[in-house]
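**Q** This is the structure, below, for whatever I ask next.
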Amino acid sequence: MKTQNSKFKIANGNNSKLKIQNSKLPAATIQNSKLKIANGNNSKFKTQNSKFMKIRTGFGYDVHKLVEGRDLWLGGIKLDYELGLLGHSDADVLIHAICDALLGAANMRDIGYHFPDTSAETLNVDSKILLRKTIQLIATKGYRLGNVDATVCAERPKLNPHIPEMQRCLAEVMNTDIDNVSIKATTTERLGFTGRMEGISAYATVLIEKD
Ligand SMILES: [Zn+2]
């Protein structure tokens, strides 16, 4: 593989080495599973495997059905709406997606593994409790939240006016700065189950870090 222009060059000199050279950046050599970066002032670091990774990313996704006769909990707050999400817990779909992203980042399975929906303990439980426990779970491996970025897909109710309150609430639960908690809302243009208002879905990505 070889790409060459005035700023960027990749040369694959032999079977096992990949070199990336850029006139503004230090030379990097990737060999087998090891990464070595050396720059002009002799500083060096090596990353050999994920055991030593100080940052990791995770992704979460969740869906709950909208039904009559349930309260609508989203992002840790109760919204005034005629339908609510159905679930064993309070069915806070946004919190569940964030929990799954955190657990995934730490490679600690998923929310159903730790908080089964067959357990009496999790019946109608406030999902903020599950989120707090999830933060404690990743801390057992030395990780804390870096930042979260989440998207909720819902045709109604309109979520944008409630986002600052959700951010404040979740930042407090996760013991982090509000600037580390991004929440976005979108409709799906009336398409699919969210567009037909049959349910609400949520996606979340997180970065976790340790010293
Ligand atoms: Zn859920």
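Taking numbering that gives the first Met the number 0 as reference, the numbering of the sequence shown is continuous, increasing by one, and the terminal residue is 210.
From the three backbone atoms N, C-alpha and C, an ideal C-beta is built for every residue, glycine too.
Is L65 near G198, with beta carbons less than 7 angstroms apart?
**A** yes
**Q** Measuring alpha carbon to alpha carbon, tell me which of E188, S88, A170 ends up nearest A119.
**A** That would be S88, whose Cα lies nearest to the Cα of A119.
**Q** Spell out a yes or no on whether the segment 111-130 and the segment 144-164 are touching, meaning 3 or more CB-CB pairs, one atom from each, closer than 8 angstroms.
**A** With a cut-off of 8 angstroms, the segment 144-164 and the segment 111-130 do not count as touching, because too few Cβ pairs lie within range.
**Q** If G68 sits next to V205, beta carbons under 8 angstroms apart, how far is it from one beta carbon to the other, in whole angstroms?
**A** At roughly 33 angstroms, the Cβ-Cβ gap does not stay under 8 angstroms, so G68 and V205 are not in contact.
**Q** Looking only at its chain, what residues have a beta carbon closer than 7 angstroms to the beta carbon of R189, apart from the 5 residues adjacent to it on each side?
**A** E154
**Q** I want to check one thing, is the minimum distance from the CB of D210 to the heavy atoms of ligand 1 below 6 angstroms?
**A** Incorrect: D210 has no Cβ contact closer than 6 angstroms to ligand 1.
**Q** Which residue's Cα is closest to the Cα of L129: A138, C98, V180?
**A** Ranking A138, C98, V180 by Cα distance to L129 puts C98 first.
**Q** Which residues are close to ligand 1, meaning CB closer than 5 angstroms to any heavy atom, in chain order?
**A** This criterion selects D61, H95.
**Q** DSSP state of E197, grouped into three classes?
**A** DSSP places E197 in coil when its eight states are reduced to three.
**Q** Under the three-state reduction of DSSP, which class applies to T56: helix, strand or coil?
**A** strand
**Q** Name the residue from K127, I110, L78 whose alpha carbon lies nearest to the alpha carbon of C168.
**A** Out of K127, I110, L78, the CA that lies nearest to the CA of C168 is found in K127.
**Q** How is V124 classed by DSSP in three states: helix, strand or coil?
**A** coil
**Q** Cα-Cα, which of S181, D176, T175 is closest to N159?
**A** Residue S181 is the option with its Cα nearest to N159.
**Q** If you check the beta carbons only, do A201 and V124 fall under 7 angstroms apart?
**A** no
**Q** Leaving out the 5 sequence neighbours to the left and right, which residues in its chain are closer than 8 angstroms to L122 when beta-carbon positions are compared?
**A** H87, S88
**Q** Which word fits C166, buried or exposed, when buried means at least 16 other C-beta atoms lie within 10 angstroms of its C-beta?
**A** According to the sequence provided, residue 166 is Gln. The question's Cys does not apply to it. It is buried - the Cβ of Q166 has at least 16 other Cβ atoms within 10 Å.
**Q** Quick check on K157: does DSSP put it in helix, strand or coil?
**A** coil
**Q** Using CA atoms only, rank isn't needed, just tell me which of M196, N174, A105 is closest to T186.
**A** Closest by alpha carbon: M196.
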